[in-house]
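For the sequence shown, position 59 matches number 69 in the numbering used here, and the numbering has no gaps at all. Structure, as structure tokens:
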Amino acid sequence: MADANDLMQELCGVSLSAIDSTQDAAQEVLEQRLLAIERAVLESDTKSVVGALKNGDEMATVLAMAKLICEGEYADAIRLPQAQKLLQAVTQLRSEEQGDEDEDMHICGSLASALQSYLLDQCDSTEDRLVTAYEILFVGVAFFNMYVQANYTGPAFEKETLRNVLNLATHLISCSTESNDKKSHSDALVALQVDGESPFSICEYPQFLLVGRCLLDFVGNHAYNDWSVAANEVVSGQNDNEVADDILEGPAKRQITGGAAVRALGEMLEQIKSAAWWNARAAVAHERLLLANQPSNTLWFEARRGYIQTLKTSELFAFEQETQYLLARAYVEWGLAQHHFDKNKHGKSTFARAKEISGVSVQLSGSMGKRTKFQQKSVAQMVLLAASMKEPASEDAEASVYATAVAESTHVDFGGKQTTTEGEMDNTAPPADGLSAEEEQIQRLVQEGEASYRNVNLDQVDQDNYLLESIAFEDRKLTQQGNLQIVDQIVLLGLCLDVKNSNANDGLTREEMMPYVTRVLENPNNWMVYSTALLERAWLECESSKRRERAVLQMQALVDQHTTRLTITQNTLKSIADSAPARERMQFVYSLAFPPRYALKRDLAERYFKLGVLGSAVEICEELEMWDDVVKCYQLLDKPMRAEKLVRERLEISPTPFMWVTLGDLAQEPSHYETSWTLSRHRFARAKRSLGRFYFEKGDYDAAIPHYEDAVRVGPMHTGAWFTLGSIAMRVNRWALAMRAFTRVVQLEPDNGEAWGNLGSIHLHNQRYAEAFAVLEEALKQKRHMWQMWENYGLCAMETKRYGEAMYAMHQLLDMRTKHKRPVDSEMLAWLVEAIVYPESLKKMQQEADAEAGDIPKAVSDDEEDEVNQLDDDEDLVELDEAAAATDSTPPRSGSHYKKQLAMLFGRVTSIVTNDAKVWQVYAHFNDGVEGRSDKARDCRLKQCRALQVAGWEREQQKVEDLCVAATRLAEDYLAEGTKKALYSCRLYIRGVLKKALVDFAELEAVKTLAAALDEVNNREAQIP
């Protein structure tokens, strides 16, 4: 090495070590500059990127992309020569590799392979590879942002202006030069299926989301499987709300193969600090596109990894000195992701952390104020006091045109906001009708449908409205708290969402949420932040009868603002002409809970439906292809056949798996489900669930089971499918399959009491009483009102000698008698008596029963034996067995304690049920075994006899036999007492019973025995003086 250094020094004047040092320094500088570009793109900081562009070096292509992304010109970023070269090369590589690929290989894996080949084969140096990796990132960001703009924020794209970009995406997806928008749309929807769930088919440009997801998954999720590989396993500690944030590993870890070059490529991709963040954002958007009722576990792990990795990447946030607004935004996004994936409990601490980082001071307080125009007396009102740690700049050239839209007055007829800039007075005299020329023009635009109001005022909806637009506080300073930083407004909206997630959906919760929304609406600093606040206010007001109409109209206005129609926030033509550009709308969209346009319209349709406006509701449902709701609306409108006709028309235009399933639901034709399954390439789990349900409802359980097994194989996180599979398996006595299905349900939903109860029933059937008891204990924590579980719980308690728990179960069954209307379980009472009062007798009886059972061979089929063996070896049951072992260690109670409990139970039973002869017989047997209760035993037998003396008993042989046997036993008790009074009472009672019994059944043995007992009573009575 020293010789090589000397030689290089002699030839070039520079040693090898100096060259290596220089290269390392250059590489470090390059990485720092690229990191700065990442931060600029995250913050939409155009100034920083423009300043860096002046240098004009090897990073020029990346800087050009970053500049266009910051400016909201995403299509132009994709049209750049370097982006075109990248996409065309990858398309070519996919075409070349397609013949060698597995036909079932997902596009994400195929694109990843092509991108890997491109980086390794067509980039000469490490620096080139790193710069190209950033190009891949920014092209992915551009595609993803175009999808978000088209579906979330607007303004809507003109399709012709995107023709070349759409063709690029189509060619990349199909590996073909032919352009077929409908086919690429359908193919993209199929490729975006996750866990067997289909995306919303009427979303705009799913091709952009698919391409963006593939590119971002490559750079931001390189070490893990893509979404086409379902997260089949539930990793302990990672599927609940209390999961620790320091756990990064999930069930989708991918084995990296291909040698040192591939591993080095993976290490290089890890240097792109924001890639995981962008991929997590895309995973959340992907989840919000799905039509599933339950969040995707696969996407949850992907989003979770991305956000946790981002929050641990200190380099992204190290540049922030006075404030840490970017870090606060990251925490808000993480909290929103937890909200979208129904991890609300854990989201609470996330939003609190965002508030702490941003430094905004928040205090929920109260003050006196009025809500109506004619209110005379002020009452206490809730108000939110909030202030930013750092005052926002008073004059900002980059601020939104809506930052000055504070309403000083509202024209009743017009409803628009009248504003004047600071220090400027409007001296123009209004015309006679009260409207200026600009206002008249704006009003005309609204009437002609070319514009719509953005903020709908109460007076616009109803001029006779008596509610104030906002609370009139006595302390006017409360309505003039000063402006907030945009990030602080975002944090307030996150805290507002947390109030909803942490409390019951009632009036008090809504009252607590409204101050957060009102505080944000005071300062319209950003288009999407203001829109989100308006939407959350509309959601809250939908629950108020006096504000519901305004709320629905406000939602309609927010739907309209997505299009290219003008939206009015101010009553100036300038603000209409400017409108909010894509850059401003997109700047904070990922930190907000604003829904996509199709979800917002679906919500609007549901509000119309609740208001009884069925015409508008069905129109929106048809547009969104919400055929279940369309059917419901048409049934209410007495037009049930119209929905099927619409579906068939739509299938002729654009057949999708979801549409075929919908037609199957309407026509009840299983072949349509099969078509859907085939069209989805065996990925649309709902088709198989529908097939399974079809045969299940027909009672063909054997045919239903394979379809549900296919459904859970594709969508292993769908608890409903697992539950139904388990229920069907129980009906056909496939206990191992039922056990596996219900075990899966309780893993996914630990609070599913019915699944726990069914697990207990299966253990009970298999005579695994300790396991059944442990499982039923968990079931009753969730479903205490199900009397069937209490019956099984009591039986398991008896089998495991937990007599106290068995008696507690019987008390619970007595409490629920109005629900089940079942008689008291006298057999359980008799078992308790034998176990507690006569334990030796019970032990002897059990030994005799075991001996008899051992002499009888048990016939078990081979299939049943295999299932039982599988059940015994099932690893999922280990925890249940451990729980059962733990409960077995419970120390036994003393016999006297149980006798007291049993006496109390009998007292309660007999006070409720007075005519059950079997209960009185068991009660008497209990009293026989307890010292000093012989009188009580005799009274119980007398009541037993009276309970047997129902009307017409003397005409039925069985009833005569039962009563005579009971009366004979009663006579024994009276004879044992031996007093004259007792014998006299006994003689009178038995003589009355015999008189009726001898009429028709004199030859019965029980009657003769009772007659003999009467003779003995007479003889004993005669002997007493």
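C-beta atoms are modelled at their ideal positions from N, C-alpha and C, and glycine is treated no differently. Predicted model only: the values in this text are computed from it and were never measured.
Are there 16 or more other CB atoms within 10 angstroms of the CB of residue i, so buried, or fewer, so exposed?
{"i": "Arg173", "result": "exposed"}
{"i": "Arg658", "result": "exposed"}
{"i": "Ile1034", "result": "exposed"}
{"i": "His907", "result": "exposed"}
{"i": "Lys77", "result": "buried"}
{"i": "Gln931", "result": "buried"}
{"i": "Leu647", "result": "exposed"}
{"i": "Leu993", "result": "buried"}
{"i": "His935", "result": "buried"}
{"i": "Val742", "result": "exposed"}
{"i": "Val960", "result": "exposed"}
{"i": "Glu312", "result": "buried"}
{"i": "Met651", "result": "exposed"}
What would DSSP say about residue i, mapped onto helix, strand or coil?
{"i": "Gln798", "result": "helix"}
{"i": "Gly206", "result": "coil"}
{"i": "Gln386", "result": "coil"}
{"i": "Ser194", "result": "helix"}
{"i": "Ser54", "result": "coil"}
{"i": "Lys698", "result": "helix"}
{"i": "Val843", "result": "helix"}
{"i": "Leu1039", "result": "Here the chain has residues from 11 to 1035 only, and residue 1039 is not among them."}
{"i": "Leu494", "result": "coil"}
{"i": "Leu374", "result": "strand"}
{"i": "Gly379", "result": "strand"}
{"i": "Ser480", "result": "strand"}
{"i": "Tyr608", "result": "helix"}
Taking just the CA atoms, how far does residue j sit from residue i?
{"i": "Leu45", "j": "Asp639", "result": "48 Å"}
{"i": "Leu5", "j": "Lys192", "result": "There is simply no residue 5 to check, as the chain begins at 11 and stops at 1035 in what is shown."}
{"i": "Pro986", "j": "Ser944", "result": "The sequence given here places Ala at residue 986; Pro does not occur at that position. So the two alpha carbons sit approximately 10 Å from each other."}
{"i": "Phe228", "j": "Glu325", "result": "21 Å"}
{"i": "Val39", "j": "Glu137", "result": "11 Å"}
{"i": "Tyr335", "j": "Ala50", "result": "13 Å"}
{"i": "Ala233", "j": "Phe167", "result": "35 Å"}
{"i": "Ala1022", "j": "Cys950", "result": "23 Å"}
{"i": "Ala390", "j": "Met378", "result": "4 Å"}
{"i": "Thr323", "j": "Arg43", "result": "16 Å"}
{"i": "Pro849", "j": "Ala807", "result": "16 Å"}
{"i": "Met565", "j": "Cys552", "result": "10 Å"}
{"i": "Asn493", "j": "Thr734", "result": "54 Å"}
{"i": "Arg363", "j": "Trp344", "result": "11 Å"}
{"i": "Leu915", "j": "Val393", "result": "55 Å"}
{"i": "Leu219", "j": "Arg744", "result": "43 Å"}
{"i": "Gln92", "j": "Thr71", "result": "7 Å"}
What are the boundary residues of the alpha helix (DSSP H) that includes residue i?
{"i": "Gln319", "result": "307-321"}
{"i": "Pro667", "result": "667-677"}
{"i": "Tyr144", "result": "136-158"}
{"i": "Phe218", "result": "216-230"}
{"i": "Asp712", "result": "711-724"}
{"i": "Asp761", "result": "Neither: Asp761 is in no alpha helix (DSSP H) and is coded neither H nor E."}
{"i": "Phe733", "result": "729-741"}
{"i": "Val1017", "result": "1015-1033"}
{"i": "Glu982", "result": "967-987"}
Between the options, which has its C-alpha nearest residue i's C-alpha?
{"i": "Pro605", "options": "His296, Tyr144, Asn925", "result": "His296"}
{"i": "Gly725", "options": "Ala934, Asp205, Thr688, Lys353", "result": "Asp205"}
{"i": "Ile146", "options": "Glu168, His935, Gln98, Arg827", "result": "Gln98"}
{"i": "Arg595", "options": "Ala396, Thr56, Gln491, Gly82", "result": "Gly82"}
{"i": "Phe752", "options": "Asn743, Val742, Gly942, Gly767", "result": "Gly767"}
{"i": "Leu568", "options": "Glu484, Phe783, Asn161, Val393", "result": "Asn161"}
{"i": "Ile282", "options": "Gly230, Asp236, Ala271", "result": "Gly230"}
{"i": "Ala179", "options": "Gly150, Gln203, His773", "result": "Gly150"}
{"i": "Gln319", "options": "Gln217, Glu280, Val562", "result": "Glu280"}
{"i": "Ala603", "options": "Leu505, Arg315, Trp800", "result": "Leu505"}
For the ligand ATP, is there any heavy atom lying closer than 8 Å to the beta carbon of residue i?
{"i": "Met399", "result": "Absent from the structure shown: the ligand ATP. Ligands present: none."}
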